[in-house]
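Here the structure comes first, spelled out in structure tokens, and everything after it is commentary.
Number of protein chains: 2
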Amino acid sequence: MRKKIQQLKNELTKALNASIHDDPDVLEKYAVDETSDLKGNPWLVVYAKSTQDVSITLNLCNKYTIPVIPRGAGTGVTGGAVPVSGGVVLSLEKMNKILEIDTENMIAVCEPGVITGQLQKEALQYGLMYPPDPASLDSCSLGGNVAEGAGGPRAVKYGTTKDYITGLEFVLTDGSIIQYGGKFIKNATGYNLTGILIGSEGTLAVITKIYCKLIPSPAHTLDMLIPFQSLHDAVQMVYTLLINRIRPAVLEFMEEDALTLAAQYLGQDMPHPQARAHLLIQLDGDSYQEIDQSLQTILSLGAVDPNTILVAQSPEQKERLWKARRCIREAIHAKSPVFLAEDCSVPRSKIVPFLTGVKQALTPYGLQSIMFGHAGDGNVHIDVLKNDMPYDEFKQLVPALKEIIYTEAYKFGGTITGEHGTGFIRKDALKKFASSQELSLYKRLKKAFDPNGILNPHKIIDLD
Amino acid sequence: MRKKIQQLKNELTKALNASIHDDPDVLEKYAVDETSDLKGNPWLVVYAKSTQDVSITLNLCNKYTIPVIPRGAGTGVTGGAVPVSGGVVLSLEKMNKILEIDTENMIAVCEPGVITGQLQKEALQYGLMYPPDPASLDSCSLGGNVAEGAGGPRAVKYGTTKDYITGLEFVLTDGSIIQYGGKFIKNATGYNLTGILIGSEGTLAVITKIYCKLIPSPAHTLDMLIPFQSLHDAVQMVYTLLINRIRPAVLEFMEEDALTLAAQYLGQDMPHPQARAHLLIQLDGDSYQEIDQSLQTILSLGAVDPNTILVAQSPEQKERLWKARRCIREAIHAKSPVFLAEDCSVPRSKIVPFLTGVKQALTPYGLQSIMFGHAGDGNVHIDVLKNDMPYDEFKQLVPALKEIIYTEAYKFGGTITGEHGTGFIRKDALKKFASSQELSLYKRLKKAFDPNGILNPHKIIDLD
Numbered sequence: 002m003r004k005k006i007q008q009l010k011n012e013l014t015k016a017l018n019a020s021i022h023d024d025p026d027v028l029e030k031y032a033v034d035e036t037s038d039l040k041g042n043p044w045l046v047v048y049a050k051s052t053q054d055v056s057i058t059l060n061l062c063n064k065y066t067i068p069v070i071p072r073g074a075g076t077g078v079t080g081g082a083v084p085v086s087g088g089v090v091l092s093l094e095k096m097n098k099i100l101e102i103d104t105e106n107m108i109a110v111c112e113p114g115v116i117t118g119q120l121q122k123e124a125l126q127y128g129l130m131y132p133p134d135p136a137s138l139d140s141c142s143l144g145g146n147v148a149e150g151a152g153g154p155r156a157v158k159y160g161t162t163k164d165y166i167t168g169l170e171f172v173l174t175d176g177s178i179i180q181y182g183g184k185f186i187k188n189a190t191g192y193n194l195t196g197i198l199i200g201s202e203g204t205l206a207v208i209t210k211i212y213c214k215l216i217p218s219p220a221h222t223l224d225m226l227i228p229f230q231s232l233h234d235a236v237q238m239v240y241t242l243l244i245n246r247i248r249p250a251v252l253e254f255m256e257e258d259a260l261t262l263a264a265q266y267l268g269q270d271m272p273h274p275q276a277r278a279h280l281l282i283q284l285d286g287d288s289y290q291e292i293d294q295s296l297q298t299i300l301s302l303g304a305v306d307p308n309t310i311l312v313a314q315s316p317e318q319k320e321r322l323w324k325a326r327r328c329i330r331e332a333i334h335a336k337s338p339v340f341l342a343e344d345c346s347v348p349r350s351k352i353v354p355f356l357t358g359v360k361q362a363l364t365p366y367g368l369q370s371i372m373f374g375h376a377g378d379g380n381v382h383i384d385v386l387k388n389d390m391p392y393d394e395f396k397q398l399v400p401a402l403k404e405i406i407y408t409e410a411y412k413f414g415g416t417i418t419g420e421h422g423t424g425f426i427r428k429d430a431l432k433k434f435a436s437s438q439e440l441s442l443y444k445r446l447k448k449a450f451d452p453n454g455i456l457n458p459h460k461i462i463d464l465d
Numbered sequence: 002m003r004k005k006i007q008q009l010k011n012e013l014t015k016a017l018n019a020s021i022h023d024d025p026d027v028l029e030k031y032a033v034d035e036t037s038d039l040k041g042n043p044w045l046v047v048y049a050k051s052t053q054d055v056s057i058t059l060n061l062c063n064k065y066t067i068p069v070i071p072r073g074a075g076t077g078v079t080g081g082a083v084p085v086s087g088g089v090v091l092s093l094e095k096m097n098k099i100l101e102i103d104t105e106n107m108i109a110v111c112e113p114g115v116i117t118g119q120l121q122k123e124a125l126q127y128g129l130m131y132p133p134d135p136a137s138l139d140s141c142s143l144g145g146n147v148a149e150g151a152g153g154p155r156a157v158k159y160g161t162t163k164d165y166i167t168g169l170e171f172v173l174t175d176g177s178i179i180q181y182g183g184k185f186i187k188n189a190t191g192y193n194l195t196g197i198l199i200g201s202e203g204t205l206a207v208i209t210k211i212y213c214k215l216i217p218s219p220a221h222t223l224d225m226l227i228p229f230q231s232l233h234d235a236v237q238m239v240y241t242l243l244i245n246r247i248r249p250a251v252l253e254f255m256e257e258d259a260l261t262l263a264a265q266y267l268g269q270d271m272p273h274p275q276a277r278a279h280l281l282i283q284l285d286g287d288s289y290q291e292i293d294q295s296l297q298t299i300l301s302l303g304a305v306d307p308n309t310i311l312v313a314q315s316p317e318q319k320e321r322l323w324k325a326r327r328c329i330r331e332a333i334h335a336k337s338p339v340f341l342a343e344d345c346s347v348p349r350s351k352i353v354p355f356l357t358g359v360k361q362a363l364t365p366y367g368l369q370s371i372m373f374g375h376a377g378d379g380n381v382h383i384d385v386l387k388n389d390m391p392y393d394e395f396k397q398l399v400p401a402l403k404e405i406i407y408t409e410a411y412k413f414g415g416t417i418t419g420e421h422g423t424g425f426i427r428k429d430a431l432k433k434f435a436s437s438q439e440l441s442l443y444k445r446l447k448k449a450f451d452p453n454g455i456l457n458p459h460k461i462i463d464l465d
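Those sequence lines, one after another, are chains A and B. Taking my numbering, the leading residue of the first sequence gets 2, the next gets one more, and so forth. Taking my numbering, the leading residue of the second sequence gets 2, the next gets one more, and so forth.
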């Protein structure tokens, strides 16, 4: 094997103008992504600078049947970029140019390494918006977002990454370069290749160019935090808003524990210590009147006490509201570096029974669980903290904990993951909860793209 | 072969509670869909009444390797439902129940034979809207819409079918039944099977249950017809509207000839005979003020003469405006039953050069071409009429005419089809304009779903 890798390295060095590394400190960095408690062992790291580099790398690795792990910014949390069984990490981070912002067609053409937040800032210069906003938007890459089908708080109004990709250039494991779609919105030609590639977690092809739909950016936003007596009231409010034609850009819920933890972490006082749940709502629109009208409607619905609602009157106040939501995972990590992070998706009306069911089932284990997320679309984050439980004991419990959470999700017509993907850490769950026919279809799909199974192996499914 | 079919028929009759027909008048009806000048030869027609019926039919046809042509309402225009090489037509039209409208989750669960307009009417009872609105919505089926990835005028604001499907139950050729997704909005589990099935034109699987996302229906709409001096001005207006944050629900353009033909057909006078192009705009919103504000903005933009703009003041006037747009194809059919119907998609900013290019290239042939469609998303309809040209002469020209149109589309960064699909009639074009790598990927995808190639053969691609 070592000889094979050396040969590959020599050939890559000859063929590429990309830089290739295998010094320990570099390999160390690419052994992990942001998945809790997971480490792999990369053999080489290739920094692609062009589609050609990607094509040559894949072609050679395919020849040597050496695994290739495509990597964007490495912010994934399901092990998607971790070389769990070794292999070549193909980093796209140096392909980070916004190639064009076509304002007339409202399309951005980007390399995969572009940081999502960067594209948003750039688009805003032209009064345009790229809506998908994963929590990691200041560090995650567009290519990674496409590979994971990333969502975010604004998904409730604007949808997720899949709703904004009009075209992709991608490379197959034999090195062939395919472009599907482009600067046009509607496409019924051939099979929907963008559809299958979005969310395929780097297991089918390597994305080298991305066409993103942009929309006119709303002129104004208004953020507010609303306390509720119970999670049920908070979730009920979501339906009340939607059916009353209020379409917030953001509808995030935080359970008592989540906000408490965040407040402690930030050294702030809880605005409403007695509240059992909060909704963080962002209204957006093109005029103040429009937004104010929505706000008045919200207050008129009777479900909210006007004296307790916290409306951000300044950018600073807005920042404070968001800080609490955004720092939850940081706060969790600070309190318990080892934790289980799940993001099941359930029908919106089942959020409460689902979370209640999970809580009850977890009680015997005496573990702290933090629940928060996207109340508007039923995608909820459940983080279970190790805290001071001995590592091995917690590690042993993890499979049981996951099983409890997924079982509840399916019980209420939901699924394993709404945003983070199957990746490596949920492969077993998929094996358990998907039918054998669905699994073998996945395998056939995988082989249709990657006959030798060299591309990000052991993610989503294992080939036999 | 005849013996094989007889055996299959006997087995099907034993196994199914569905009705099976092979009397000539039935076969005659299922030999065609709404594709101009295309006829196939069905051997049997099976009316499935349940997912089980579909499963058994596919499994048996697979055993006998007899082609199966799934059929919704047969309103397709690219030959998708035509048994071009014979086979069993599997009609889903009797599976036409709306199983549930879950108002709390704003999800409709439907059988594939449900008529799209029926679902829209039903949803409206609850103040909800299913936005996709293909021109044939009163006769086309939801299953067909999913299979074709149908769009419609409202796509510019609300997107197409693919944006509203949260889950599918489908049957593979071996008879296995798979459900992917459901009543939840976000799904990152496994591979995006809905993504690949939408627009796969019945070549990969047969869809037996559909989960559709509904949205609160806007309370008010306002329709208007605006005449322009030139197509360029009309298309320019689209950009002007969007960048000024006017988001019409509909942005349809009609070239002079298109509207003239429609007016003649309806026996009406042209509202503005001197106009070279018209835009049909629909504004929608939850309040009259909101819509009026948009209208005032439109008038203030200076691009429109307030004296020429026709605003529908009553349902009757609205109906009149829409009749003109909706009857264009009818009018074409009445004038020339044989015609070429193309629906290329190009970047919005390229509509004018594209159509101008096509016109120029068509001039030498002295054929009448009618151009209209979705100015808001660059999806344009080009119909070339045979008129009084001898059938054989026209038929001989068709390949050249198509080549001209597609070549122009690609020249401007567009594609063969935006809505109607590849089907049977554009398979050769796909072969010509897609790369060999893309084509062989399509073949591998097809085989991953349908190893024996029995499902809707000769559509999109031919297996070797």
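Beta carbons: idealized from backbone N, C-alpha and C, even for Gly. Bear in mind that the values here come from a model prediction, so they are computed numbers and not experimental data.
Query                                                                                                                              : Result
Chain-ordered neighbours of ALA235 of chain A on chain B, where CB pairs are closer than 9 Å                                       : Chain B residues near ALA235 of chain A: none, gap ~15 Å exceeds 9 Å.
Buried or exposed by the 16-neighbour rule on C-beta atoms within 10 Å, applied to GLY80 of chain B                                : buried
Inter-residue CB distance, VAL359 of chain A and ILE383 of chain A (contact presumed, cutoff 8 Å)                                  : 6 Å
Cutoff 9 Å: ALA220 of chain A Cβ touching any chain B Cβ                                                                           : yes
Spatially closest choice to ASN193 of chain B from B:GLY203, B:THR204, B:GLN180, by CA coordinates                                 : B:GLN180
Contact under 9 Å by Cβ, ALA82 of chain B with GLY182 of chain B                                                                   : no
Alpha helix (DSSP H) segments (min. 4 residues) lying fully within the segment 327 to 388 of chain B                               : 329 to 336, 352 to 363
ASP139 of chain A versus A:GLY203, A:THR117, A:GLN369, residue with shortest Cα-Cα distance                                        : A:THR117
Chain B within 9 Å of TYR240 of chain A, Cβ atoms only                                                                             : yes
Run of the alpha helix (DSSP H) containing ALA220 of chain B, from where it starts to where it stops                               : It is not in any alpha helix (DSSP H) - ALA220 of chain B carries neither H nor E in the DSSP assignment.
8 Å CB neighbourhood of LEU322 of chain B in its chain, flanking five on each side removed                                         : ASP224, MET225, LEU226, LEU281, LEU311, ALA313
Of the listed residues A:LEU262, A:GLY424, A:GLN126, A:GLN275, nearest to GLY150 of chain A (C-alpha basis)                        : A:GLY424
Below-9 Å beta-carbon distance, PHE373 of chain B vs any chain A residue                                                           : no
Opening and closing residue of the alpha helix (DSSP H) in which ILE186 of chain B lies                                            : Note, ILE186 of chain B: premise wrong, no alpha helix (DSSP H); not H, not E.
9 Å Cβ cutoff met for LEU262 of chain B and ILE371 of chain B                                                                      : yes
Proximal residues to SER20 of chain A (C-beta, below 7 Å), its chain only, five neighbours per side dropped                        : TYR48
Same chain only: Cβ atoms within 6 Å of HIS279 of chain B, ignoring 5 sequence neighbours per side                                 : LEU226, PRO228, MET255, LEU260
Residue burial classification, TYR212 of chain B (beta-carbon count within 10 angstroms, cutoff 16)                                : buried
Which listed residue (B:VAL85, B:THR309, B:ILE57, B:VAL78) has its alpha carbon closest to that of ILE70 of chain B                : B:VAL85
Residue nearest to LEU363 of chain B in terms of C-alpha spacing, selected from B:GLU420, B:SER350, B:THR408                       : B:THR408
Stretch pair the segment 159 to 174 of chain B + the segment 29 to 46 of chain B: three plus CB contacts closer than 8 Å           : no
Nearest to THR241 of chain A (by Cα), restricted to the options B:THR204, B:ALA401, B:PRO217                                       : B:PRO217
Test: ASP164 of chain A CB closer than 9 Å to a CB of chain B                                                                      : yes
HIS421 of chain A, DSSP secondary structure in three states                                                                        : coil
Validate contact between the segment 383 to 401 of chain A and the segment 6 to 20 of chain A using beta carbons, cut 8 Å, 3 pairs : no
Interface partners of GLY382 of chain A on chain B, CB under 8 Å                                                                   : Per the sequence shown, the amino acid found at residue 382 of chain A is His instead of Gly. Within chain B, no residue comes near HIS382 of chain A; the closest Cβ sits about 12 Å away, beyond 8 Å.
CB contact below 9 Å: ASP103 of chain A versus chain B                                                                             : yes
Segment limits, beta strand (DSSP E) that includes LEU284 of chain B                                                               : 278 to 286
Any non-hydrogen atom of the ligand ADP within 8 Å of GLY303 of chain B CB                                                         : For the ligand ADP, the structure offers nothing, since it holds no ligand at all.
Same chain only: Cβ atoms within 6 Å of HIS22 of chain B, ignoring 5 sequence neighbours per side                                  : VAL46
Identity of the residues DSSP links to SER92 of chain A by a beta bridge                                                           : A:TYR48, A:ARG72
Cα-Cα separation between VAL381 of chain B and ALA430 of chain B, rounded to whole angstroms                                       : 17 Å
According to DSSP, residues forming a beta bridge with VAL251 of chain A                                                           : A:GLN283
Beta carbon proximity, ASN106 of chain A to chain B, threshold 9 Å                                                                 : yes
C-beta neighbour in chain D for VAL207 of chain A, strict 9 Å                                                                      : No chain D appears in the structure shown, which is made up of the protein chains A and B.
Partner residues on chain A for VAL147 of chain B, Cβ-Cβ distance less than 7 Å                                                    : Per Cβ cutoff of 7 Å: no residues; VAL147 of chain B is ~11 Å from chain A at best.
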